[in-house]
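Participant: Note that our numbering has the sequence shown beginning at 160, numbered continuously upward.
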Amino acid sequence: MTLTIRPVRPDEAGLVLSFVRELAEYEKLLHEVEASEADMAAALFGPEPRVFCDIAEWDGAPAGFAIWFYTYSTFTGRHGIWLEDLYVRPEQRGHGIGKALMARLARRCVDEGLSRFAWWVLNWNEPSRVFYRSIGAVAQSEWTVKRVIWRLRTDLRRFRELTMGCPIIMGRKTFLSIGKPLPGRQSVVLSRDPQFGPDGVYVVPTLDQALETAQRLGQAMGARAVIVAGGGEVYAQALPLADRLELTFVHASPEGDAVFPAFDRWAFRESARSEHPAGPEDEFSFAFTTLERAS
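See the structure below:
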């Protein structure tokens with residue numbers, strides 16, 4: 160019996176997606192998987208890949224995978240690795256495959272002088288929690304993971320459709336919350352930190368420079384628009400310059416500490432609005448609204 164770990168091959172995007180779906184089914188999150196085989200191929204094997212994958216084989220048969228990407232720490236001034244998914248097929252567990260995949264990534268961190276190797280694990284997934292403790296991982300209990308406070312898969316698909324093929328301007332915190340450049344788009348990130356330089360994005364200190372960079376990228380891409388995608392401070396700076404607002408009004412009143420900034424509603428006219436009941440992948444009903452700047 161032999162274990163082999165190797166980089167994923169260009170003809171294995173379908174295999175990677177099958178691993179992702181198997182893991183999501185175990186985590187009771189299969190309904191949230193919207194990635195396609197084409198998405199996987201673009202992320203792993205596009206002109207400038209930003210996502211990486213190791214495949215584990217047991218006696219020549221695919222047994223598991225680790226998919227990961229580089230992060231950056233402003234505290235250490237160095238990059239790290241974020242493990243997005245680790246999965247071993249049930250019939251191949253007990254052979255040390257998961258530990259071997261983790262060891263391979265840990266060795267990469269050491270060899271490349273990286274400062275961090277991190278991931279998250281579901282609270283209820285006790286087998287995974289036990290596994291990670293067995294390799295010496297320590298829970299960062301002083302940190303809290305933040306996400307958007309509702310789940311609207313329809314809205315995420317609309318965002319993808321509106322932004323695909325376009326440059327996107329965002330603040331550093333927004334980029335870090337996403338964790339990686341978005342496939343099929345060019346990311347321009349606002350940050351005044353000269354040490355902040357994640358792979359695959361353009362970092363500039365001011366909105367004017369961001370717009371200049373995004374317009375240049377947009378011309379090269381043949382983009383139909385330059386998109387501003389948050390967060391709140393970036394929206395506030397960009398609103399006086401916006402020609403169009405694409406808004407989603409969620410029919411709910413949750414508590415939160417981030418809001419869209421106030422703006423002059425009379426400076427815009429509503430050109431489109433569509434109401435949507437909550438679908439099987441949406442937690443609330445909502446409305447898509449397009450506002451065009453009044454002439």
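Think of the CB as a built atom: it goes at the ideal place given N, C-alpha and C, for glycine as much as any other residue.
Please name the residue in Trp-227, Glu-196, Arg-344 and Arg-267 whose C-alpha comes closest to that of Ser-177.
Facilitator: Residue 177 sits at position 18 when you count from the first residue of the sequence shown. For the residues Trp-227, Glu-196, Arg-344 and Arg-267, the minimum Cα distance to Ser-177 belongs to Glu-196.
Participant: Can you name, in chain order, every residue of its own chain whose Cβ lies under 6 Å from the Cβ of Trp-278, other than the five neighbours on each side?
Facilitator: Taking the sequence shown and counting its residues from 1, the one referred to as residue 278 is at position 119. If we look at Trp-278 and ignore the five residues flanking it on each side, its Cβ neighbours are Leu-242.
Participant: Please name the residue in Glu-434, Asp-170, Val-362 and Ala-426 whose C-alpha comes closest to that of Asp-402.
Facilitator: Here residue 402 refers to the residue found at position 243 of the sequence shown. Here the closest residue by C-alpha is Ala-426.
Participant: Tell me the DSSP secondary structure of Gly-173 in three-state form.
Facilitator: As a working note, residue 173 is residue 14 in the sequence shown. Note: Gly-173 maps to helix in three-state DSSP.
Participant: What are the start and end residues of each continuous alpha helix (DSSP H) run of 4 or more residues lying completely inside the region 256-301, in chain order?
Facilitator: 256-271 and 285-293
Participant: Among residues of its own chain, excluding the 5 on either side of Trp-302, which ones have a beta-carbon nearer than 8 Å to its beta-carbon?
Facilitator: The count along the sequence shown starts at 1 and reaches residue 302 at position 143. Within the same chain, and ignoring the five residues on either side of Trp-302 in sequence, no residue has its Cβ closer than 8 Å to its Cβ.
Participant: Assuming Val-360 and Phe-334 are in contact, meaning their beta carbons sit under 8 Å apart, how far apart are those beta carbons, in whole angstroms?
Facilitator: Residue mapping note: residue 360 aligns to position 201 of the sequence shown, counting from 1. Residue mapping note: residue 334 aligns to position 175 of the sequence shown, counting from 1. Contact flag correct, Cβ pair sits at about 7 Å.
Participant: Report the rounded CA-to-CA distance for Arg-266 versus Leu-260, giving the unit in angstroms.
Facilitator: On the sequence shown, residue 266 is found 107 positions in, with the first residue counted as 1. On the sequence shown, residue 260 is found 101 positions in, with the first residue counted as 1. Arg-266 and Leu-260 have their C-alpha atoms some 10 Å from each other.
Participant: Please state the DSSP three-state secondary structure of Arg-331.
Facilitator: Start at 1 with the first residue of the sequence shown, and residue 331 comes out as number 172. Arg-331 falls in the helix class under three-state DSSP.
Participant: Give every residue of the same chain whose Cβ lies closer than 7 Å to the Cβ of Leu-398, excluding the five residues on either side of it in the sequence, and list them in chain order.
Facilitator: Here residue 398 refers to the residue found at position 239 of the sequence shown. Correct list, in chain order: Pro-420 and Phe-422.
Participant: Under DSSP, the alpha helix (DSSP H) around Gln-374 begins and ends at which residues?
Facilitator: Position 215 of the sequence shown holds residue 374. Taken as a continuous stretch (DSSP letters only), the alpha helix (DSSP H) holding Gln-374 covers 366-380.
Participant: Does DSSP put Asp-423 in a helix, in a strand, or in coil?
Facilitator: Numbered from 1 along the sequence shown, position 264 holds the residue referred to as residue 423. The answer is coil: DSSP assigns Asp-423 none of H, G, I, E or B.
Participant: So the candidates are Glu-429, Lys-258 and Phe-443; which of them puts its Cα closest to the Cα of Ala-296?
Facilitator: Position 137 of the sequence shown holds residue 296. Per the Cα distances, Lys-258.
Participant: Pairs of beta-carbons, one from the region 372-392 and one from the region 320-336, closer than 8 Å: are there three or more?
Facilitator: yes
Participant: The beta strand (DSSP E) that contains Gln-345, what's its start and end?
Facilitator: Taking the sequence shown and counting its residues from 1, one reaches residue 345 at position 186. 345-349 is the span of the beta strand (DSSP E), which, as asked, contains Gln-345.
Participant: Would you list, in sequence order, the uninterrupted beta strand (DSSP E) runs of no fewer than 3 residues that lie entirely inside the region 198-232?
Facilitator: 211-217 and 220-232
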